[in-house]
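Per numbering that gives the first Met the number 0, residue 0 is the first one in the sequence shown, and the count goes up by one each step.
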Amino acid sequence: MPLLAQAPVSRPTPRSVTPVAVTLRTTMGDIELELYPDRAPVTVGNFLAYVDAGHFDDGSFYRVVRVDNDNGDPKIE
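Below, the structure written as structure tokens:
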């Protein structure tokens with residue numbers, strides 16, 4: 000173990016990665032998504048695998064609310 004403790008730490012060099020663009024099409028309009036595989040490679044890979052397999056085709060949203068009606072303000076009805 001002492002050798003591991005003394006080994007120099009190599010840090011990845013920062014690189015500019017173009018985000019992956021995904022369009023979520025809904026009956027209420029499109030939603031443009033940007034995925035960053037350099038920041039979350041496993042999550043982006045999983046999401047794209049689900050997209051490619053068609054798991055999101057013809058799906059539905061669980062909960063949709065107006066922006067002005069989802070802030071918890073009791074004065075807003």
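We put the beta carbon where it would ideally sit given N, CA and C, even for glycine.
Note that the structure is a prediction, hence the values are computed from the model and not measured.
A check of alpha carbon separations from T17 across E33, L23, M27 and T26 identifies E33 as the nearest. Bounds of the beta strand (DSSP E) holding G28 are G28 to L34.
Cβ-Cβ separation between E31 and T22: approximately 6 Å, consistent with a contact (criterion under 8 Å). Secondary structure note for T42: it is in no beta strand (DSSP E), and the uninterrupted alpha helix (DSSP H) holding it is P40 to D51. If you look at R24, you'll find it in the beta strand (DSSP E) that goes V19 to T25. The distance from the Cβ of F55 to that of Y61 is about 13 Å, inconsistent with a contact at the 8 Å cut-off.
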